[in-house]
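Engineer: Residue numbers (the numbering used here), protein chains in the order written: chain A, 1 to 289; chain B, 1 to 496.
One structure is given below, represented as structure tokens, and several questions about it will come after.
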């Protein structure tokens with residue numbers, strides 16, 4: 001179960017894995033996520049959004065970035081290995097309907113979970129504009145897939161190494177200023193990017209959906225760790241979300257909460273890098289001897 | 001562990017009592033004269049630094065002495081006040097006679113998991129509350145320690161290395177799905193499997209056991225005890241599928257219509273944690289007890305060497321609530337190195353729903369109880385981390401609907417409690433997922449599933465029990481509900 005069928009390293013830190021999970025592949029809808037855990041006894045449960053699924057092959061695709069110990073450990077699994085625990089699909093699916101023009105903004109690996117939503121929006125008859133943003137050329141993902149479905153595709157990088165040198169908010173603002181004005185925006189990416197996308201569309205009053213990826217344990221509505229303030233009320237990302245009206249989300253509280261275990265995470269991440277280095281050196285030495 | 005020395009030859013006092021018993025001369029007076037047996041426990045200072053079980057269990061001598069205190073009343077009020085109607089004088093008489101396997105057999109007729117219930121049941125408000133010995137000696141504390149004896153009989157059997165697997169009837173070829181592997185689900189699965197049905201338990205987490213694994217800490221209910229009970233179920237042929245969320249991974253309807261299950265029992269437990277709805281509750285350092293305990297227990301965050309899941313390091317913690325979950329959270333915080341742990345409760349010690357033993361253990365471990373106090377807001381710094389909690393003082397007013405005197409705030413009594421973390425342990429809402437994914441199941445205004453007296457829901461072939469029906473309750477009540485629904489399902493399938 002949960003066997004990794006294919007693993008592709010998309011860039012230094014970004015991996016795509018295709019995993020055997022027939023039940024999840026059959027049930028999942030755009031916008032939903034899974035919980036992944038590599039080690040049953042001591043592993044961490046981490047939420048990952050589903051980037052794609054093939055119900056006939058019985059597989060789901062996830063794209064993740066190695067940002068800490070648990071994602072590093074996940075990246076160490078190879079094709080043929082199995083992920084110990086995989087739960088899903090979780091969360092409410094994206095509400096997909098025909099509204100007119102939809103702008104889908106994907107920052108970094110956010111472009112991956114954005115893809116099935118963009119696909120759905122296009123299929124529902126919307127005019128689809130996609131903005132993909134990344135720090136540099138190496139981190140741009142899903143470009144070909146998006147190009148195939150979008151009426152217009154804009155690629156930006158922070159350092160200008162590919163596409164236009166800009167943050168995603170620049171073309172987003174231009175689109176909002178343009179005619180016809182977008183009817184809806186879907187933004188998925190780092191919290192800070194979603195926050196600025198929301199601020200960009202707010203003056204225009206354009207409905208902006210964001211997908212939140214907060215700290216979670218069970219992902220089924222039991223622990224409350226994922227709670228965020230939306231429209232002044234406490235909401236649970238795992239069962240009320242993961243998508244919310246971005247204009248109602250209290251991003252500053254959410255950003256702070258996501259840093260709750262920063263010290264621990266940094267320490268674990270550092271230790272994990274040292275361990276990997278040690279293993280690498282031991283291996284090299286072993287090979288020489 | 002410093003378990004008391006095994007009892008080999010009865011000491012003079014026990015021998016004398018046993019001789020009298022054998023000759024039918026052990027009088028009520030003799031029995032009442034036996035001092036109540038205290039259960040040995042780990043030293044409080046030592047246990048603050050470990051996760052090992054606190055209560056160590058009776059020695060054989062203690063167990064037999066305690067068993068001899070039971071008057072073997074004909075009317076047995078204890079049986080009537082046990083939610084599953086265990087033959088309490090029966091199993092105790094077997095312990096007094098030194099027939100421990102027989103004692104366990106009596107227990108298992110009504111309760112499949114005595115090692116668990118002996119540890120976590122609120123005996124002082126159930127069987128022990130009506131015990132004639134306690135009444136005669138005019139003290140609830142002097143009632144026969146039924147829970148400790150139950151635990152003794154179960155532990156004795158487990159420590160002998162035997163794993164008793166109940167007999168299973170020939171296969172009926174019918175499949176039953178059980179949703180959730182907590183107390184209700186396990187109890188239902190056992191009774192369904194005994195009848196010969198092919199039972200599959202679906203569990204969302206990566207380990208089975210429900211609240212007994214994620215909620216109740218190791219120091220109160222060792223996980224290998226729960227593991228043994230689950231192992232016995234698997235040997236009865238019960239299949240357990242973890243990482244499977246019914247309603248999302250597969251719909252309830254598909255289980256019935258496409259996967260060949262003839263009936264479903266829902267024992268999915270309580271859901272979203274309740275919060276106080278006061279300002280500052282989403283600051284860093286405020287957790288539901290569910291989250292804090294799940295990190296520590298299921299994710300084993302207390303094992304700093306091995307676990308990947310972090311747990312918040314609090315110096316001064318406030319735990320809000322007065323139930324067993326609040327005690328578990330407070331005592332976990334002590335073990336995680338908090339210098340000061342306050343338990344903040346709106347009423348007084350008398351009204352606290354927690355087990356008396358847990359309250360006593362928490363106090364011994366240094367938890368500071370603050371009664372008649374409740375927070376109005378939680379304060380934080382510019383990094384959105386908790387820096388304190390503003391509270392109001394309360395007095396007790398008139399009794400409310402539950403019969404408990406309701407707390408009344410003292411105007412102008414605002415004061416600050418210096419804490420850097422707050423755990424909210426005031427209960428759970430019902431689980432929202434079922435409402436979201438199964439509109440055909442009728443639920444109450446509070447979101448609990450409505451069942452009839454057989455445990456049946458409004459959906460054909462679907463039964464429910466435990467916290468999802470009762471709201472937050474106890475392990476034993478959930479087990480009772482699971483068994484009742486299993487009996488109904490067994491009847492339904494027998495008729496077809």
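Cβ atoms here follow ideal geometry from the backbone N, Cα and C, with glycine treated the same way.
Taking one C-beta from the stretch 170 to 179 of chain B and one from the stretch 189 to 202 of chain B each time, how about it: are there three or more such pairs within less than 8 angstroms?
Structural biologist: Cβ pair count under 8 angstroms is three or more, so yes.
Engineer: Kindly give me the distance between the Cβ atoms of residue 322/A and residue 146/A, rounded to whole angstroms, as I take these residues to be in contact under 8 angstroms.
Structural biologist: For residue 322/A there is no data in the structure shown, the boundaries of chain A being 1 and 289.
Engineer: Going by beta-carbon coordinates alone, are residue 106/A and residue 190/A separated by less than 8 angstroms?
Structural biologist: Their beta carbons are not under 8 angstroms apart, which means residue 106/A does not touch residue 190/A by this criterion.
Engineer: In the structure shown, what three-state DSSP assignment does residue 6/B receive?
Structural biologist: Model confidence at residue 6/B stands at a pLDDT of 44, short of 50, so the residue's coordinates are unreliable; what they give is reported in the following sentence. Residue state, collapsed to three classes: coil.
Engineer: Given the structure, does residue 20/A come close to the ligand SAM, in the sense that its CB is under 7 angstroms from one of the ligand's heavy atoms?
Structural biologist: You won't find the ligand SAM in this model; it holds no ligand whatsoever.
Engineer: Any idea what DSSP makes of residue 113/B, helix, strand or coil?
Structural biologist: DSSP places residue 113/B in coil when its eight states are reduced to three.
Engineer: Are the CB atoms of residue 239/A and residue 221/A nearer to each other than 8 angstroms?
Structural biologist: A contact, by the Cβ cut-off of 8 angstroms.
Engineer: For the alpha helix (DSSP H) holding residue 302/B, just list the boundary residues, first then last.
Structural biologist: That residue, residue 302/B, is in no alpha helix (DSSP H); it is neither H nor E in DSSP.
Engineer: Considering only DSSP beta bridges, list what residue 428/B is partnered with.
Structural biologist: The partner list for residue 428/B (beta bridge, DSSP) reads 273/B.
Engineer: Residue 129/A and residue 103/A look like a contact to me (Cβ under 8 angstroms); what is the Cβ gap, rounded to whole Å?
Structural biologist: About 5 angstroms; that satisfies the 8 angstroms criterion.
Engineer: Are the CB atoms of residue 421/B and residue 271/B nearer to each other than 8 angstroms?
Structural biologist: No; because the gap between Cβ atoms is not below 8 angstroms, this pair is not in contact.
Engineer: Please give the ranges of any beta strand (DSSP E) in the stretch 30 to 101 of chain A, keeping only runs that are unbroken, at least 3 residues long and fully inside the region.
Structural biologist: Segments of the beta strand (DSSP E) lying fully in the stretch 30 to 101 of chain A: 33 to 37, 46 to 54, 59 to 65 and 85 to 90.
Engineer: What are the boundary residues of the beta strand (DSSP E) that residue 3/A is part of?
Structural biologist: It is not in any beta strand (DSSP E) - residue 3/A carries neither H nor E in the DSSP assignment.
Engineer: Please report the straight-line C-alpha distance between residue 13/B and residue 34/B, rounded to a whole angstrom.
Structural biologist: Cα-Cα distance, rounded: 10 angstroms.
Engineer: Identify the continuous alpha helix (DSSP H) that holds residue 45/B and give its terminal residues.
Structural biologist: Residues 44 to 47.
Engineer: Provide the residue span of the beta strand (DSSP E) that contains residue 184/A, from first to last.
Structural biologist: Looking at the DSSP string, the run of the beta strand (DSSP E) that includes residue 184/A is 184 to 188.
Engineer: With DSSP as the reference, label residue 479/B as helix, strand or coil.
Structural biologist: Three-state result, residue 479/B: helix.
Engineer: Decide if residue 454/B is buried, meaning its Cβ has at least 16 other Cβ atoms within 10 Å, or exposed.
Structural biologist: With fewer than 16 Cβ atoms within 10 Å of its Cβ, residue 454/B is classed as exposed.
Engineer: What do you get for residue 192/A, buried or exposed, if any count of 16 or more other CB atoms within 10 angstroms of its CB means buried?
Structural biologist: When all chains shown are included, residue 192/A counts as exposed.
Engineer: If you draw a straight line from the C-alpha of residue 22/A to the C-alpha of residue 56/B, how long is it?
Structural biologist: Approximately 47 angstroms, taken between the alpha carbons.
Engineer: Please classify residue 28/B as buried or exposed, where buried requires at least 16 neighbouring CB atoms within 10 angstroms.
Structural biologist: By the 10 Å Cβ count, residue 28/B comes out exposed.
Engineer: Does residue 341/B come out as helix, strand or coil in the three-state DSSP assignment?
Structural biologist: DSSP places residue 341/B in strand when its eight states are reduced to three.
Engineer: Over the uninterrupted beta strand (DSSP E) stretch that includes residue 511/B, give me the two end residues.
Structural biologist: In the structure as shown, chain B starts at 1 and stops at 496, and residue 511/B therefore has no counterpart that could be examined.
Engineer: What do you reckon, are the CB atoms on residue 70/B and residue 125/B nearer than 8 angstroms?
Structural biologist: It is not a contact, given that the beta carbons lie outside the stated cut-off.
Engineer: Could you tell me which uninterrupted beta strand (DSSP E) segments, each at least 3 residues in length, are contained entirely in the stretch 128 to 174 of chain A, listed from first to last along the chain?
Structural biologist: With a minimum length of 3 residues, the continuous beta strand (DSSP E) runs that stay inside the stretch 128 to 174 of chain A are 152 to 157.
Engineer: Does residue 278/A come within less than 8 angstroms of chain B when only Cβ atoms are used?
Structural biologist: Chain B, which has no Cβ nearer than 8 angstroms to the Cβ of residue 278/A, makes this no.
Engineer: Can you tell me whether residue 173/B is buried or exposed, with buried defined as 16 or more other CB within 10 angstroms of its CB?
Structural biologist: Residue 173/B is exposed by the Cβ-count criterion.
Engineer: List, in order along the chain, the chain A residues whose C-beta lies closer than 8 angstroms to that of residue 273/B?
Structural biologist: Result: 222, 223 and 224.
Engineer: Measuring alpha carbon to alpha carbon, tell me which of 96/A, 73/A, 110/A and 143/A ends up nearest residue 120/A.
Structural biologist: For residue 120/A, the nearest C-alpha among the options comes from 96/A.
Engineer: State buried or exposed for residue 444/B, treating a residue as buried only when at least 16 other CB atoms are found within 10 Å of its CB.
Structural biologist: Residue 444/B should be labelled exposed.
Engineer: Within the same chain, show all residues whose beta-carbon is closer than 8 angstroms to that of residue 136/A, passing over the 5 residues directly before and after it, in chain order.
Structural biologist: 157, 158, 159, 161 and 162.
Engineer: Here's the rule: buried if 16 or more other CB atoms are within 10 angstroms of the residue's CB, otherwise exposed. What is residue 22/B?
Structural biologist: So residue 22/B ends up on the exposed side.
Engineer: What does the Cβ neighbour count give for residue 373/B, buried or exposed, with the cut at 16 atoms within 10 Å?
Structural biologist: Buried, since its Cβ has 16 or more Cβ neighbours within 10 Å.
Engineer: Listed in chain order, which residues of the stretch 409 to 434 of chain B have Cβ atoms closer than 7 angstroms to some Cβ of chain A?
Structural biologist: Going along the stretch 409 to 434 of chain B in chain order, one finds 431, 432 and 433 with a Cβ nearer than 7 angstroms to chain A.
Engineer: Does the count of Cβ pairs from the stretch 360 to 375 of chain B and the stretch 249 to 263 of chain B closer than 8 angstroms reach three?
Structural biologist: No, the stretch 360 to 375 of chain B does not touch the stretch 249 to 263 of chain B.
Engineer: At a CB-CB cut-off below 7 angstroms, which residues of chain A make contact with residue 47/B?
Structural biologist: Result: empty, since nearest Cβ-Cβ is about 23 angstroms, beyond 7 angstroms.
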